[in-house]
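One structure is given below, encoded as structure tokens.
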Amino acid sequence: MDSQNKNTCCAGKGWFVGVVVVVAVVIVGYFIFKSPSEPFATEPVLNKPVSVAPIKIGVVGPLTGDMANIGENMRAAVEIATEEINLAGGISGRQLNIIYEDSKCVGKEGSSAVSKLINIDKVSAILGDTCSSSTLAQAPISEKAKVVQLSYCSTAPDITNAGDYIFRDVPSDLFQAKFAANYIYNKLGKKKVAILFINNDWGNGIDKAFNDAFLAIGGQIVNREGYDLATKDLRSQLTKIKGLNPEVVYFAGFTDSTIAGLKQAKELGLKNIFFGADSWDDTKIWNDLGIAGNDAIFTVVGTASTDDFKAKMQAKLNKPDIIYCSNYAYDGLKVLAKGLSSVGGDATKLKDALYNINYTGGVSAETITFDKNGDPVTFNYIVKKVQDGKVEIVK
Amino acid sequence: MPRINEAFLLRIVAKNDIIKPMEILPQLILNSLIAGAIYALIALGFNLIYGATRFFNLAHGVMAVIGGYSVFYFVKTLGWDLWLGVVVGILLAGLIGWLVDKMVYLPLRRRKASNMILLVASLGVFTTIQAIIAILFTSQFQTLSQNAGTQKIFEIGGGIITQIQLIVLVSGVAIMVGLALMLKYTIFGKAIKAISDDEEVAKIVGIDTNKIIGYVFFIGSAIAGLGGILVGFDTGIEPTMGMGLLLKGVIAAIVGGVGNIYGGVLGSFLLGFVENFGIWKISGEWKDAIAFILLIIFLIFRPKGIMQK
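Protein sequences, first through last, are from chains A and B. If you count the first sequence from 1, you need to add 14 to reach my numbering. If you count the second sequence from 1, you need to add 1498 to reach my numbering.
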């Protein structure tokens, strides 16, 4: 019986059952593993009677994974902005519907999320992504489909040239690196720096930018250590850095690896200053580390949260927690809405509208205007310091 | 204490001019030993199972994850006593390993399935269990240790090691010694050796091979569970950590001599040293690449590993 089945493959009932099983598993698997975006997609319809089809905007972010705290924070801000937009009459009289997709901060997931938003949901514009790797993976898709994509948190320098339809309201890391280099060299007076960076698009971009900037003003870079984006064990790199004895370690890491890295640095007895970048604005890091995160210092783009915004965020999240990406996501959505309103809701005219837009009175930058590459023209950086799990703005 | 592999590497290291020489050497050595011990915990179980069944059990990696998450659930969520949670975690990993054998591998072995089929089945088991854990506990990275960064720290010869890392080292050595003694001096151990030599003949001689293999899965998976728990205390756990641990364990096992208990441990420490001393001169992103380059070199020049059976 056994040998008979072995030799007569693909014949008769057995083969048919096998195909049915495989198809069933694929379908079941799809529904089990599909990110639960659809149930939370549509905003509750308000009292206004909807006579015209709603405008759909897709929002991508890391709703799960390493940056999930940032993603959830952003989502709260986007929900607030959506409610406000719809209460004020929507976009050209049409309701605004947001469709959320989870990119998990990974290029592959991000690009399939954007593909789905563009091809299946037929969104008018895309707000996203948080992570530069995702945005860079998504940009070619949006560019080809001629759908405007505005990132609220991706700062890698490469995004400047990612496409005509690609915008962002956060500045390129070239500026953050220069600002940080200046601060370390002049304000802190430290000349000897080692760079520790996460090996993805953002980390690589800021490593190169900081290296160039710090060397240009006369500083010394003793080492540039990268680490795998999934690893939580930075001991080998930290041991190497300890041996080189820098005054400052410029640590460009995401949430999980920062938590692990700073803990391990403390265990290994590293005594230098740890200087980070905008990714350190995630409150989860400092809540988790407690006193182990003391004296960490980092740069981030400035924000201008109104009391109203703060109150609404606190109500949504049940805790006072605002990460800067949320401010820029809130304003980003409002910029898209303003742009669409100015062209009567016609998504094909949105790109040109954005190049001419001037948005003020938001909760992030003072004014939002875009240069010819889709990057913001005006911005400012601030420095934050950590003490006992609390983050304070310096100076 | 320095064994062949360490001395060998130290000689190579001394030849190159290091920027900051002897200061960091003790720490590098300690890091290598800790990494080696973790890989050894995985490789030991893997080798034990491979020795008895002759197939690459990919599901071995997820047993470590089961151990880690059991402790997470019992100790952190339910609030059990730490030691109780750890013991239960180890036993649970062993039990699930044994169950997988009974429900998946044994029926396949009875049907004379090839090793390829068993490998694919083990991959299926790995993926399924990993997905279930992700659904139950979310994919977020979690830590098992209660206190952040306030562990006891010891200084050994100029290098720093935390309490957990010391436990990792001690466990690795203890289990290796225990396993070696068991295999050599108990009847159970001899039965395992008999089965790994030739399963058919072992059956003829009267050994209940399926029962013994079941116990082998239990022991091997329990050791992997302990490995996962210790990694959880040292850095943390996430559902996808199984594959990474398994790959390093498999590299260690192959390099050291697959199926050979001593070889697995040797390979693990060699891997730990090559990884840590390797990135001394090369940038940190290459750490994983170095591990796999080592594997490829061995597969080309000495495929049976350092200690051939």
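From the three backbone atoms N, C-alpha and C, an ideal C-beta is built for every residue, glycine too. None of the values given here were measured: they were computed from a predicted structure.
Strand pairing of residue i, partner residues [DSSP]
{"i": "I113/A", "result": "G72/A"}
{"i": "S165/A", "result": "R182/A"}
{"i": "E1653/B", "result": "I1658/B"}
{"i": "Q401/A", "result": "K404/A"}
{"i": "V263/A", "result": "A208/A and F288/A"}
{"i": "T313/A", "result": "V397/A"}
{"i": "R238/A", "result": "I209/A"}
{"i": "I299/A", "result": "Note: I299/A sits in no beta bridge, so no partner."}
{"i": "I5/A", "result": "For residue 5/A there is no data in the structure shown, the boundaries of chain A being 15 and 409."}
Simplified DSSP state of residue i, which is helix, strand or coil
{"i": "S51/A", "result": "Low per-residue confidence applies at S51/A: pLDDT is 48, beneath 50, and the placement is therefore not dependable enough to give any value."}
{"i": "D1515/B", "result": "For D1515/B, the pLDDT reaches just 34, beneath the cut-off of 50, and the residue's location in the model is therefore unreliable, leaving the point undetermined."}
{"i": "A318/A", "result": "coil"}
{"i": "I336/A", "result": "coil"}
{"i": "N87/A", "result": "helix"}
{"i": "A1646/B", "result": "Only weak support is given to the placement of A1646/B: the predicted model assigns it a pLDDT of 48, under 50, and the question is left unresolved by the model."}
{"i": "T374/A", "result": "strand"}
{"i": "R1501/B", "result": "Because R1501/B sits at a pLDDT of 48, beneath the cut-off of 50, its placement in the model cannot be relied upon, and the following sentence gives the value as read from the coordinates. Note: R1501/B maps to coil in three-state DSSP."}
{"i": "R1800/B", "result": "coil"}
{"i": "A379/A", "result": "coil"}
{"i": "P390/A", "result": "strand"}
{"i": "G1734/B", "result": "coil"}
{"i": "A361/A", "result": "helix"}
{"i": "I1780/B", "result": "coil"}
{"i": "R1609/B", "result": "coil"}
Sequence-distant residues of its chain with Cβ nearer than 7 angstroms to residue i (five each side left out)
{"i": "I1658/B", "result": "Q1525 and I1651"}
{"i": "L1617/B", "result": "F1553, F1554 and L1556"}
{"i": "L1744/B", "result": "I1540, L1556, H1558 and G1559"}
{"i": "G43/A", "result": "none"}
{"i": "A1646/B", "result": "Unreliable positioning characterises A1646/B in this predicted model, as indicated by a pLDDT of 48, which lies under 50. A coordinate reading is not provided."}
{"i": "E52/A", "result": "Confidence at E52/A is low in this model, with a pLDDT of 45, below 50, so the placement of that residue is unreliable and no value is reported for it."}
{"i": "L1724/B", "result": "L1539, G1565, I1588 and S1669"}
{"i": "A82/A", "result": "P76"}
{"i": "Y369/A", "result": "F384"}
Proximal residues of chain E, C-beta to C-beta of residue i below 8 angstroms
{"i": "Y241/A", "result": "In the structure shown, chain E cannot be found, because the protein chains are A and B."}
Buried or exposed by the 16-neighbour rule on C-beta atoms within 10 Å, applied to residue i
{"i": "A102/A", "result": "exposed"}
{"i": "R1800/B", "result": "exposed"}
{"i": "A170/A", "result": "buried"}
{"i": "T13/A", "result": "What is shown of chain A runs 15 to 409, which leaves residue 13/A out entirely."}
{"i": "R108/A", "result": "buried"}
{"i": "K1674/B", "result": "In the sequence as presented, Lys is not what sits at residue 1674/B; that position holds Met. Buried, since its Cβ has 16 or more Cβ neighbours within 10 Å."}
{"i": "L229/A", "result": "exposed"}
{"i": "K324/A", "result": "exposed"}
{"i": "Q1806/B", "result": "exposed"}
{"i": "S1/A", "result": "Limits of chain A in this structure are 15 at one end and 409 at the other, which puts residue 1/A out of reach."}
{"i": "K1610/B", "result": "exposed"}
{"i": "Y1683/B", "result": "exposed"}
{"i": "L1634/B", "result": "exposed"}
{"i": "P390/A", "result": "buried"}
{"i": "G1757/B", "result": "buried"}
Residue of the options minimising C-alpha distance to residue i
{"i": "A1535/B", "options": "A1678/B, G1755/B and V1671/B", "result": "V1671/B"}
{"i": "L354/A", "options": "K365/A, G388/A and T253/A", "result": "K365/A"}
{"i": "R1607/B", "options": "L1797/B, I1794/B, M1739/B and K1709/B", "result": "K1709/B"}
{"i": "S1530/B", "options": "G1803/B, I1794/B, I1804/B and V1763/B", "result": "V1763/B"}
{"i": "V405/A", "options": "D335/A, G75/A and G275/A", "result": "D335/A"}
{"i": "F312/A", "options": "T362/A, V408/A, A223/A and N332/A", "result": "V408/A"}
{"i": "L77/A", "options": "S117/A, V39/A and T96/A", "result": "S117/A"}
{"i": "L258/A", "options": "I235/A, S168/A and A127/A", "result": "I235/A"}
{"i": "T1551/B", "options": "W1578/B, L1604/B and I1532/B", "result": "L1604/B"}
{"i": "R239/A", "options": "I231/A, N225/A, G232/A and S148/A", "result": "Note on identity: in this sequence residue 239/A is Glu, with Arg being the wrong assignment. Selected option, being the one with the closest Cα: N225/A."}
{"i": "I1795/B", "options": "A1678/B, S1781/B, I1749/B and I1759/B", "result": "I1749/B"}
{"i": "W1596/B", "options": "Q1638/B, F1767/B, I1711/B and M1680/B", "result": "I1711/B"}
Contacting residues, own chain, Cβ-Cβ under 6 angstroms from residue i (five flanking each side not counted)
{"i": "A266/A", "result": "F211, G217, I220 and A291"}
{"i": "I94/A", "result": "K326"}
{"i": "K1691/B", "result": "none"}
{"i": "T374/A", "result": "T381"}
{"i": "A310/A", "result": "F288 and V400"}
{"i": "S1620/B", "result": "N1555, L1556 and A1557"}
Closer than 6 angstroms: residue i CB and nearest the ligand ADP heavy atom
{"i": "F1799/B", "result": "Among the components of this structure there are no ligands whatsoever, and the ligand ADP is therefore not found."}
Other residues of its chain near residue i: CB distance less than 8 angstroms, five sequence neighbours each side excluded
{"i": "V1772/B", "result": "L1507, I1788, A1789 and L1792"}
{"i": "E261/A", "result": "K204, K205, K206, V207, N286 and I287"}
{"i": "L282/A", "result": "R249, L252, T253 and K256"}
{"i": "M1739/B", "result": "A1562, V1563, G1566, G1726 and V1729"}
{"i": "E1521/B", "result": "G1656"}
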